[in-house]
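In this note's numbering, the protein residues as written are 1327 to 1549. All residues carry an ideal CB built from backbone N, CA and C; glycine is no exception.
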């Protein structure tokens, strides 16, 4: 499967609300399939993903439709806390293979409370997850009458890729609905296969991105 990233001249405001005009220009992906509990069956609710980019950033938005937004589960936890993010709340996640080599990738998970997890993938199975890899990236989520939405912003500097060229990247998207115990994916991985990155879809349309600066500054507070 493949989807298209759209270049934008005006960056969206990262506030969790998908009311920026830029998102109207992006192509929506909505053909998610259940991973569990009913593997490869149709989903019970709809999810839409859009991708934008400019010379500095990759922007990704989810609209997570839900017929009863009051049931959306949201819990704050520490960064890279797998149990707090993936086991006890609604969440969305994306995977990116900017080398498009089917071997190495990066996963980014977030939940409505603002918790995050980022991992590098370097091998098959859960043993290939490296949560010690922490990149500089932003996101915001927001509840709305249709469910909840989220906006990601990734500096191109955190990904290895060939600048000033036409790019095909590996791409994966997933959503978990806690009260339904349902996970949906694009593209969906069948039960029993080993690994993650070889089963990504393809993100097309990224082109002529200049070499990024390799310095990112982010405020930090520890209490």
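- Taken through DSSP and simplified to helix, strand or coil, residue 1515 comes out as coil.
- Residue 1390 is positioned such that its CB atom lies no closer than 7 Å to that of residue 1468.
- Under the three-pair Cβ rule at 8 Å, the segment 1416–1426 counts as touching the segment 1376–1391.
- Note that the C-beta distance between residue 1352 and residue 1376 is below 7 Å.
- C-alpha of residue 1547 to C-alpha of residue 1460: approximately 16 Å in a straight line.
- No Cβ-Cβ contact shorter than 7 Å links residue 1415 with residue 1511.
- In terms of Cβ geometry, residue 1495 and residue 1426 form a close pair [threshold 7 Å].
- Where residue 1351 is concerned, the enclosing alpha helix (DSSP H) starts and stops at 1347–1351.
- Membership of residue 1470 in the beta strand (DSSP E) is indicated by the continuous run 1464–1470.
- Around the CB of residue 1404, fewer than 16 other CB atoms lie within 10 Å, so the residue is classed as exposed.
- Per DSSP, the continuous beta strand (DSSP E) segment holding residue 1495 begins and ends at 1492–1503.
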